[in-house]
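Peer 1: Quick one: the structure is below, questions incoming.
2 protein chains.
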Amino acid sequence: MGKLASENSILERIERAFSRSKSGLRLGLGDDAALWEPAPGFATILTCDWFLEGTHFWRAKHSPDAVGWKCLARATSDIAAMGGIPRTFLLSLALPASHTGKWLDEFLGGLRRASGFLGCQLAGGDTTRNEKILINISVVGEVRKGGAILRSGARPGDILYVSGTLGEAQLGLQQLRRRPSSGRLPTSALKRHLYPEPRLKLGQWLSSQDLATAMMDISDGLSSDLPRLCAASRVGASVLASSLPKPRNTTSNALELALNGGDDYELLFTVARSKSKAIPSRFGKARLSAIGEITKTQNLILLDDGHERSLSAAGWDAFKISRR
Amino acid sequence: MGKLASENSILERIERAFSRSKSGLRLGLGDDAALWEPAPGFATILTCDWFLEGTHFWRAKHSPDAVGWKCLARATSDIAAMGGIPRTFLLSLALPASHTGKWLDEFLGGLRRASGFLGCQLAGGDTTRNEKILINISVVGEVRKGGAILRSGARPGDILYVSGTLGEAQLGLQQLRRRPSSGRLPTSALKRHLYPEPRLKLGQWLSSQDLATAMMDISDGLSSDLPRLCAASRVGASVLASSLPKPRNTTSNALELALNGGDDYELLFTVARSKSKAIPSRFGKARLSAIGEITKTQNLILLDDGHERSLSAAGWDAFKISRR
């Protein structure tokens, strides 16, 4: 750190951190832009995601390794939500000069592990200096032509499913906020918050079996994301509170966590009633829960212990005051 | 502005600002990700670019309209540098709540005009709140398979060319800094700084005619960018100071501006000597100047009035102290 890094030297270190296996990527780092071709019969999927210090993570609370893992993992969740396969990504990184040494190395370490785990290779990017750490990731994936599962295909009578449990990442964030910065080993909830694993295989399976009529990932919380799926499909939904896969062993309100907790990166999808027998109760490590059904009336209703209440968006909204 | 905008309402306004013509874009805004297919026989080009308040623009000096134009125009310059055609882009936008009204409208106005001018359609994006205005643009373009012009193809003896004039945008920035924030109509140099027009047609023509052996765009300044092209090609270059297309009518050092000024988004390209007769002195509105030649020795030499001096990188480097 004695010597101030130049932009070129930072680019070289990023480049060295990533090996160059190929998979559709024809030209990667070191030129003006990258070249990409999907496999024959596949279309390209594009998505991008902010990951900002002070909004999505905190320098004092999140290790650079976790920041590296999570910025890519959460961005690929949008590819999972389409039933696609992530292939390559662009990294836009802005750092204070003080963070171009050890912090950058550890960040690239976490990012590289995520890249290997997710099968998503670095294609290029842009770096600049900034007081706060700013990350933006664009992910490029592929999906069989006609195989993308959109938000807009849900029909009245479809069964509504969710993968995994909801609210655990939020619980992990609460734990992170309470613990001293050099705390003990992460709990499973904290691990969910720090090292999310998007449901790529599940999304791809639902696409390949033509099972889901609509799908999205839950990033802002069920109560914020379900209305988006319903609006895109012009339908409503009834959700059974008792069927929601809630966090266990918590003193917090588990139902509130499951409804409003963000950052879970689980898949929310709808299946025609006639095909719902094909949905197993478990897919890999993930439980699959039927949590309600799609209705013609464009309302969102929560059925809780015999009472009907309106389900209102109370998840993550960057432009509202954060409850986090 | 009375009511705080929600993330959903901002997304809706962005969506409304852009019409949905198609050109390879199969699914645009409103889903988890966008779907894209290039024309048959074409490969996809990917690039991304930061555009940050305090680094790349200033709230008090740059109108939201110019910010909207420039963030997209400069990002498509990397597509021009490959000889490609920009087609679609992802917009990542972080704003203070105070800027979600009039500022956002004017920003989207400039962005929409650039989108139309450049033929590059909005595919999706991500918005969040931040104290400073942060913009990241990912551009997706296409290029005939095998037609991309890389940085790495320059050979000793090739003639080195540059389009337009160099240093004018830097001169425009100097003018912007001096003038009061509500100054008169922009000069041509200021216009170059605020509303750059990347050399898309020139890049595409050089690709279609198979004329350039290597190419890149000049975004950080010739003295910083030429070394990158030479390093990728493992060659050196001799540049004639007298041949550089310098800004006219300036009291500043025109040679320094041409060597080190950034933000010009002109194309720097090399042509085999045998094909150099095919390069006209003008392409559309742009002068094309032969400014030197590629050498086997991996040095960068400036020949200035009979004197040889080493050309050292003194352009824009975000991690060095800014001279701007």
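Residue numbers (the numbering used here), protein chains in the order written: chain B, 138 to 461; chain P, 138 to 461.
Glycine included, every Cβ here is placed at the ideal spot set by N, Cα and C.
Counting along the chain, where does the alpha helix (DSSP H) carrying Trp240 (chain B) start and finish?
Peer 2: Segment Lys239 to Leu255, the alpha helix (DSSP H) holding Trp240 (chain B).
Peer 1: Compute the Euclidean distance between the alpha carbons of Ser411 (chain P) and Ser345 (chain P), then round it to the nearest angstrom.
Peer 2: Those two C-alpha atoms are separated by around 17 Å.
Peer 1: Take the Cβ of His193 (chain B) as the centre, count every other Cβ of all protein chains shown within 10 Å, and call the residue buried at 16 or more, exposed below.
Peer 2: His193 (chain B) is buried by the Cβ-count criterion.
Peer 1: Would you say Val277 (chain P) and Arg224 (chain P) are within 9 Å of each other, going by their C-beta atoms?
Peer 2: It is a contact, given that the beta carbons lie within the stated cut-off.
Peer 1: Would you report the Cα separation of Thr265 (chain B) and Leu232 (chain B), rounded to the nearest angstrom?
Peer 2: If I take the Cα positions, the gap works out to 7 Å.
Peer 1: Using a Cβ-Cβ cutoff of 7 Å, what residues of the segment 176-201 of chain B are near chain P? List them in chain order.
Peer 2: Listed in sequence order: Ala180, Thr181, Ile182, Leu183, Thr184, Cys185, Asp186, Trp187, Leu189 and Thr192.
Peer 1: Considering Cα atoms alone, identify which of B:Ile355, B:Gly205 and B:Trp240 is closest to Tyr332 (chain B).
Peer 2: Measuring from the Cα of Tyr332 (chain B), the nearest candidate turns out to be B:Gly205.
Peer 1: Quick check: the segment 240-252 of chain B against the segment 298-310 of chain B, are at least 3 beta-carbon pairs closer than 8 Å?
Peer 2: Counting Cβ pairs under 8 Å, fewer than three are found: no touch.
Peer 1: Report the neighbours of Thr237 (chain B) on chain P: residues whose CB is nearer than 9 Å to its CB, in chain order.
Peer 2: Those are Phe456, listed as they occur along chain P.
Peer 1: Can you pull the chain P neighbours of Val277 (chain B), defined as C-beta to C-beta under 7 Å?
Peer 2: Chain P residues near Val277 (chain B): Leu183.
Peer 1: With 9 Å as the threshold, decide whether the Cβ of Gly261 (chain P) is near any Cβ in chain B.
Peer 2: Yes - at least one Cβ of chain B is within 9 Å of the one on Gly261 (chain P).
Peer 1: Please identify the residue among P:Gly262, P:Asp263 and P:Val280 whose C-alpha is closest to the C-alpha of Leu183 (chain P).
Peer 2: The candidate whose alpha carbon is nearest that of Leu183 (chain P) is P:Val280.
Peer 1: Using the beta-carbon of each residue, which ones in chain B are nearer than 7 Å to Leu271 (chain P)?
Peer 2: Correct list: Leu271.
Peer 1: So what's Ser275 (chain B) in DSSP terms, helix, strand or just coil?
Peer 2: Three-state result, Ser275 (chain B): strand.
Peer 1: May I ask you to report which of helix, strand or coil DSSP gives Gly361 (chain P)?
Peer 2: Strictly speaking, residue 361 (chain P) in this sequence is Ser, with Gly absent from that position. Ser361 (chain P) falls in the helix class under three-state DSSP.
Peer 1: Look up Glu334 (chain P) in the DSSP assignment and say whether it is helix, strand or coil.
Peer 2: Three-state result, Glu334 (chain P): coil.
Peer 1: Which chain P residues are close to Asp441 (chain B), counting only those with a beta carbon under 7 Å from its beta carbon?
Peer 2: The premise fails here: Asp441 (chain B) is roughly 25 Å from chain P at the closest Cβ pair, so nothing lies under 7 Å.
Peer 1: Compile a chain-ordered list of the residues in the segment 204-227 of chain B whose CB is closer than 7 Å to at least one CB of chain P.
Peer 2: Within the segment 204-227 of chain B, the qualifying residues are Asp215, Ile216, Ala218, Met219 and Leu227.
Peer 1: Tell me which residues share the same chain as Gly443 (chain B) and place their Cβ nearer than 8 Å to its Cβ, disregarding the 5 neighbours each side in the sequence.
Peer 2: Closer than 8 Å at the Cβ level, and outside the excluded window around Gly443 (chain B), lies no residue.
Peer 1: Curious, which full-length alpha helix (DSSP H) runs of at least 4 residues does the segment 161-221 of chain P contain?
Peer 2: The segment 161-221 of chain P contains these whole alpha helix (DSSP H) runs: 201-217.
Peer 1: Which residues share a DSSP beta bridge with Gly429 (chain B)?
Peer 2: B:Leu297 and B:Val376.
Peer 1: I need the boundaries of the alpha helix (DSSP H) containing Ile151 (chain B), first residue and last residue.
Peer 2: That run of the alpha helix (DSSP H) goes Glu144 to Ala154.
Peer 1: Could you say which of P:Leu439, P:Leu394, P:Ala285 and P:Arg150 lies nearest to Leu230 (chain P) if we only look at CA atoms?
Peer 2: Minimum Cα distance to Leu230 (chain P) is reached at P:Arg150.
Peer 1: With a threshold of 16 other CB atoms inside 10 Å of the CB of Gln307 (chain P), please say whether the residue is buried or exposed.
Peer 2: Gln307 (chain P) is buried by the Cβ-count criterion.
Peer 1: Thinking C-alpha only, which one of B:Ser289, B:Ser356 and B:Pro293 is nearest Val299 (chain B)?
Peer 2: Closest option to Val299 (chain B), Cα to Cα, is B:Ser356.
Peer 1: Under 7 Å between beta-carbons, which chain P residues line up against Asn267 (chain B)? List them in chain order, please.
Peer 2: Chain P residues near Asn267 (chain B): Leu189 and Thr192.
Peer 1: For Arg365 (chain B), would you say it is in contact with chain P, using Cβ-to-Cβ distances shorter than 9 Å as the test?
Peer 2: At least one chain P Cβ lies under 9 Å of Arg365 (chain B).
Peer 1: Taking the straight line between their C-alpha atoms, what separation do you get for Ser143 (chain B) and Ala203 (chain B)?
Peer 2: About 25 Å.
Peer 1: Arg446 (chain P) lies in the beta strand (DSSP E); which residues open and close that run?
Peer 2: Residues His444 to Ser447.
Peer 1: DSSP on Ala395 (chain P), reduced to helix/strand/coil?
Peer 2: Residue state, collapsed to three classes: helix.
Peer 1: Using DSSP with H/G/I as helix, E/B as strand and the rest coil, what is Gly340 (chain P)?
Peer 2: The answer is helix: DSSP assigns Gly340 (chain P) an H, G or I state.
Peer 1: Excluding sequence positions up to five away, which residues of its chain have a Cβ less than 6 Å from the Cβ of Ala369 (chain B)?
Peer 2: The answer, listed in chain order, is Arg288 and Ser289.
Peer 1: In angstroms with no decimal places, state the Cα-to-Cα distance between Val408 (chain B) and Arg371 (chain B).
Peer 2: Going by the C-alpha atoms only, they are around 16 Å apart.
Peer 1: Grab me the residues of Cys185 (chain P)'s own chain with a C-beta within less than 8 Å of its C-beta, minus the 5 sequence neighbours each way, in chain order.
Peer 2: Answer for Cys185 (chain P): Ala212, Asn273, Ile274, Ser275 and Val276, listed in chain order.
Peer 1: Over the uninterrupted alpha helix (DSSP H) stretch that includes Glu268 (chain P), give me the two end residues.
Peer 2: Element bounds for Glu268 (chain P): n/a, residue is neither H nor E.
Peer 1: Could you confirm whether any beta carbon from chain D is found closer than 9 Å to the beta carbon of Asn145 (chain P)?
Peer 2: The structure shown has no chain D; the protein chains it does contain are B and P.
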